[in-house]
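*Asks:*
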Amino acid sequence: MSYQVTIEPSGHQFPVTGEESVLDAALRHGLIIPYSCRNGTCLTCMGKVVEGEIDYPGGEPPDCLDETAVAVGQALFCQARPTSDLVIEVREVRDAGDLAPRRTRCRVAGMERLSRDVMRLQLKLPEAERLAFLPGQYIDILLRDGRRRSFSLANAPHDDELLELHVRHIEGGEFSEQVFFNMEKKALLRMEGPYGQFYLREDDERPILMMAGSTGIAPLKSMLDHLVHIDNNREAHLYWGVRQRQDLYLDKELRTLAERCSWLTYTPCLSEPRTDDDWEGRIGLVHNMLLHDYPDLGGHAVYMSGPPAMIAAAQRDFHRHGVDPDHLYLDAFEFAADSRPDLTAGAQDDAATD
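The working numbering puts the first residue of the sequence shown at 16, with every later residue one more than the last.
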């Protein structure tokens, strides 16, 4: 059985099938409702049922919903299952200001060396918690001495069982050396987030240009996976610039994605290929490759993430080629730098990586 849910005031609609909760179905269709625990205890996902009927596992509303709340139509959408078509009132997450950063513990659930100096780190939150975020945002890992290391989330928001980080090894970097040489599965970490104004603008209908340097591919991977999830049909072209072929640690995955998605073009670029790379692709600085293909940027939404030098050079040249400043989104990775010791500071655009 499938039921249609309409969200007010946005008018967004999505189907709920089988035993899905309203929240699970919304996330499956790329619509983000504020949530945290997903087990009916924190009230973060609470909204109102305007029309239609719902039920809960076990037949009774969660204990945290009192009789008055139930009587006026309040519901916890992480638990509520529709038994008819629904019209609901609930706040949707549309920009970073809709998500308050929070601090929690997490455990290392997986580690995979993607290249000589990049490790995929998978983190699992406590069983009763999930992290709501926008594709492209980042989290802070909190070190014991109070310092922070910031990492972009490489997984898409709907795929939230594990948080995926791409950690680049920096010689002498406290956290990255711990990850590469000492860390084991089930290690306990502290984190805080989400942060950042670098996220996918879904209401921007312009064709998309993406440019990454090194591990700057991580937030763009999150965006691409989200675009696939919502059945995107906007044209997107991803450029990924690294030094040598061995640094293209997601090359096979991205080529497969581009073959599967007619709207996506993928162009890897090497700046300093080795003789034994046997490279027949593009050679040079990645932003120059992009400008060669798109000399007029005026009609595009441009997302770029990577080392500050790359971002600075690209930003300067992109303005010369007509990029609209209101549709240019940046994320500069400061390797081995401390990030935001002031816990009260607002979210920042630059994601620092250790």
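Backbone N, C-alpha and C fix where the C-beta goes; we use that ideal spot for every residue, glycine too. The structure presented is a predicted model; accordingly, all values stated were derived computationally and were not measured.
If you draw a straight line from the C-alpha of GLU34 to the C-alpha of GLN259, how long is it?
*Replies:* Approximately 48 Å, taken between the alpha carbons.
*Asks:* Mind checking which residues open and close the alpha helix (DSSP H) that includes ALA324?
*Replies:* 323-335
*Asks:* Mapping DSSP to helix, strand and coil, what is LEU358?
*Replies:* Interpretation of LEU358 is limited by its pLDDT of 34, a score under 50 that renders its predicted location unreliable; no figure is taken from the coordinates.
*Asks:* Give the straight-line distance between the Cα atoms of HIS8 and HIS244, rounded to the nearest whole angstrom.
*Replies:* Any property of residue 8 remains undetermined from this structure, which presents the chain solely from 16 to 369.
*Asks:* Can you tell me the Cα-Cα spacing of ARG297 and VAL257, whole angstroms?
*Replies:* 11 Å
*Asks:* In whole angstroms, what separates the C-alpha of SER379 from that of ARG162?
*Replies:* Outside the modelled stretch of the chain, which goes from 16 to 369, sits residue 379, for which no answer is possible.
*Asks:* What does a CB cutoff of less than 7 Å around VAL102 pick up in its chain, not counting 5 residues either side in sequence?
*Replies:* Same-chain partners within the cutoff: THR21, GLU23, VAL65, GLU66, GLY67.
*Asks:* Using a Cβ-Cβ cut-off of 7 Å (strictly less than) and excluding sequence neighbours within five positions of SER203, which residues of its own chain qualify?
*Replies:* Just to set this straight, residue 203 is Leu in the shown sequence, not Ser. So the list reads ARG120, ARG122, once near-sequence residues are dropped.
*Asks:* Counting only the same chain and skipping the five closest in sequence on each side, list residues whose C-beta sits under 8 Å from that of GLU107.
*Replies:* ILE22, SER25, HIS27, LEU46, ILE47, ILE48, ASP113
*Asks:* As an exercise, report each continuous beta strand (DSSP E) stretch of at least 3 residues that is fully enclosed by the stretch 152-213, in chain order.
*Replies:* 153-157, 163-167, 178-183, 203-210
*Asks:* Identify which residue in HIS184, CYS52, ALA251 has its Cα closest to the Cα of LEU146.
*Replies:* Nearest of HIS184, CYS52, ALA251 to LEU146, Cα basis: CYS52.
*Asks:* Excluding five sequence neighbours on each side, which residues of the same chain lie with their C-beta closer than 6 Å to the C-beta of GLU200?
*Replies:* The question names Glu, but residue 200 is Lys in the sequence shown. Excluding residues within five positions, the ones whose Cβ falls inside 6 Å are VAL123.
*Asks:* CB-CB under 6 Å to ASP240, same chain, minus the five flanking residues each way: which ones, in chain order?
*Replies:* Apart from the 5 residues on each side of it in sequence, ASP240 sits with its Cβ closer than 6 Å to the Cβ of ALA171 in its chain, given in chain order.
*Asks:* Taking DSSP's pairing of strands, which residues face MET319 in a bridge?
*Replies:* MET226, LEU345
*Asks:* Assuming LEU263 contacts LEU272 under a Cβ cut-off of 8 Å, what Cβ separation, rounded to an integer in Å, is found between them?
*Replies:* So it is not a contact: roughly 14 Å between Cβ atoms.
*Asks:* Does the structure place the stretch 147-157 close enough to the stretch 203-217 that three or more beta carbon pairs sit under 8 Å?
*Replies:* A contact between stretches requires three or more CB pairs, one per stretch, nearer than 8 Å, and the stretch 203-217 meets this requirement with the stretch 147-157.
*Asks:* Confirm, please, whether the CB-CB distance from MET304 to TYR344 is below 8 Å.
*Replies:* No, these two residues do not count as a Cβ contact at 8 Å.
*Asks:* Measuring alpha carbon to alpha carbon, tell me which of ARG118, SER320, ASP292 ends up nearest SER167.
*Replies:* SER320
*Asks:* Taking the alpha carbon of PRO288 as the point to measure from, which residue in ARG43, TYR309, GLN261, LEU312 has its own alpha carbon closest?
*Replies:* GLN261
*Asks:* I think CYS93 touches GLY55, with their Cβ atoms under 8 Å apart; what is that distance to the nearest whole Å?
*Replies:* 6 Å
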